[in-house]
Every structure is written in C-alpha cells, then in structure tokens.
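Residue numbers (this note's numbering): 1 to 204. The structure appears below as structure tokens.
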Amino acid sequence: MRLLPREEKFYSLFLSQVDIICEAARLLLQGVKAGTARLAEVAKEIKTLEHQGDEVIHELFTRLNQTFITPLDPEDIHSLSTRLDDVLDGIEDAAHRMVAYQVNPIPLGMVQLSEMIYTSTRALKKAFEALDKGKEVMEHCIEINRLENEADHLVRGLVSDLFRDEKDPITLIKIKEIYEFLEATTDHCEDVADVLQNVVVKNS
C-alpha cells in the first residue's frame, strides 16, 4: 500500500533533507578518519550543508502552511522535518566542537561513533525511500534503533575508560562532551525513526 498520496512535493523535500544529512555524516566520518587538519575544512562544509538544510525546512513549512490537503497529517510532516533538522544540527555541533576543542589525535571512539551516525543516516534514507514506494519501512527503523542502542553502550564504555585513563581533567571534559554530542546524534536519528513508525501505523 502506498502511504504517500500523489502530492509528491513533501516527499521530495524530505528526501532533500535526508540527502543533505547523509552528506554531512559522510563528511564528518571522512574528517575524523583524516585527522584534525582535515576536520577544520569539514566543519565549514557541514556548516554550509546546515544552511542548505534550513532552506529546505523553510520551503517545507511554507508549503505546509499553503497546502489544504497534505499527504500526511500536518503534525507528522512537521515532526519529521524538525527531527531531521535535529540530526543535521547534531552533526554540525559535533564537528564544531572537535575543531574548537582541538582534539588531537582523534580517539578511535569518535571514529566508531561517526561510523554509526553515517550508517544511521543511510538507514534513514532507505526508510524515506521505502515510505513512498510502499515497501518495508519498519526494518530500517529497527536498524536505526539498534544502532542507537549500540552507540549508547559504546559511549558508556568509552566514558568509563576515559575516567580511568585520562589524567588531564580539561582533556577529559572535552572528549567526554564530544562523545555525548555524537551519541545524541544517534538519539536524534532514532527520534526520526520513531515518528516514521507512528506514521506507518497511522496509515496502515
């Protein structure tokens, strides 16, 4: 069954948001793998993407206010777009802090969390593509939930190791905060998945 009626503009705007998010996540992962020198450039590129994401949201909300019959409940459209924006903001915030805090070298844990974020954003893209085509959405949402749980478990261990091994309190605070920002971004991905699951149930 097709969940989205023929008014396709909202769907295309959602996909535009998700494409921007996937690119930001890809850049973040590239940056943490390359090291501190590349991260400064990556943070600027992600900031540009964040501005592009804001433009998409503005267009979506404008269209939402002007459309009498929407393909989904207007509240669901608003929630999906807002929560997608939270994902992009989380990526941008994490990249900014890595640069501002001058973390060098980049801990392996930050690379692992960035990989989880990227994988989660790819799953989000698959979920939104499936939504229009009447294909299985839940499997992608379940994968996003699994990744969030995995990230949460990883961060607990990373923070525990940090308190055990890191002797400099300033460095400890910096790294712990970045871990938490990265983990929060996987939470934001899960928030999108939760709304998507509700949309599927409401329209089934």
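By construction, the Cβ of each residue, glycine as well, lies at the ideal position given by its N, Cα and C atoms.
DSSP-derived helix/strand/coil call for LEU108: Stepping through the sequence shown from its first residue, residue 108 is reached at position 108. Here LEU108 sits in helix by DSSP.
Option nearest ALA123 by Cα separation, candidates ALA193, LYS33, VAL32: Here residue 123 corresponds to residue number 123 of the sequence shown, with the count starting at 1. For ALA123, the closest C-alpha among the options ALA193, LYS33, VAL32 is that of ALA193.
Residue from GLU177, ARG83, LEU28, PHE10 whose Cα sits closest to the Cα of GLU59: As a working mapping, residue 59 is identified with position 59 in the sequence shown. Its Cα nearest to that of GLU59, the residue PHE10 stands out among GLU177, ARG83, LEU28, PHE10.
Beta-carbon proximity of LEU162 to LEU172, cut-off 9 Å: Position 162 of the sequence shown, counted from the first residue, corresponds to residue 162. Position 172 of the sequence shown, counted from the first residue, corresponds to residue 172. The answer is yes: Cβ separation under 9 Å.
N- and C-terminal bounds of the alpha helix (DSSP H) containing VAL42: Translated into the one-based positions of the sequence shown, residue 42 becomes position 42. Where VAL42 is concerned, the enclosing alpha helix (DSSP H) stretches over 36-66.
Classification of ARG6 by the beta-carbon crowding that lies within 10 angstroms, buried from 16 upward: Within the sequence shown, residue 6 is the residue found at index 6, counting from 1. Since pLDDT at ARG6 reaches only 44, below the 50 mark, its modelled position is unreliable, and no value is offered.
Counted within 10 angstroms of its Cβ, other Cβ atoms place ASP152 as buried (16 or more) or exposed: For the purposes of this step, residue 152 is taken as the residue at position 152 of the sequence shown. ASP152 should be labelled exposed.
Span separating the alpha-carbon of LEU182 from that of TYR101: Against the sequence shown, residue 182 aligns to sequence position 182. Against the sequence shown, residue 101 aligns to sequence position 101. Their backbone Cα atoms lie some 14 Å apart in a straight line.
Which listed residue (GLU150, PHE128, GLU180) has its alpha carbon closest to that of HIS231: Residue numbering for the chain in the displayed model covers 1 to 204; residue 231 lies beyond these limits and cannot be assessed.
Straight-line Cα distance separating ALA95 from VAL56: For the purposes of this step, residue 56 is taken as residue 56 along the sequence shown, with counting starting at 1. For the purposes of this step, residue 95 is taken as residue 95 along the sequence shown, with counting starting at 1. Taking the straight line joining both Cα atoms gives about 21 Å.
C-alpha distance - VAL111 paired with LYS33, whole-angstrom precision: Mapped onto the sequence shown, residue 111 falls at position 111. Mapped onto the sequence shown, residue 33 falls at position 33. Their Cα atoms are separated by approximately 6 Å.
Own chain, CB closer than 6 Å to LEU200, minus 5 neighbours either side, in chain order: For the purposes of this step, residue 200 is identified with residue 200 of the sequence shown, where counting begins at 1. Sequence check: residue 200 is Val here, not Leu. Answer for VAL200: VAL137, listed in chain order.
The alpha helix (DSSP H) enclosing LYS167, as first and last residue numbers: Looking up residue 167 in the sequence shown gives position 167. Per DSSP, LYS167 belongs to no alpha helix (DSSP H) and is neither H nor E.
Alpha-carbon spacing of CYS22 relative to GLY157, whole angstroms: Walking along the sequence shown from the start, residue 22 turns up at place 22. Walking along the sequence shown from the start, residue 157 turns up at place 157. So the alpha carbons of these two residues sit roughly 27 Å apart.
DSSP state of LEU72 mapped onto helix, strand, coil: Locating residue 72 in the sequence shown gives position 72, where the first residue counts as 1. The DSSP-derived three-state label of LEU72 is coil.
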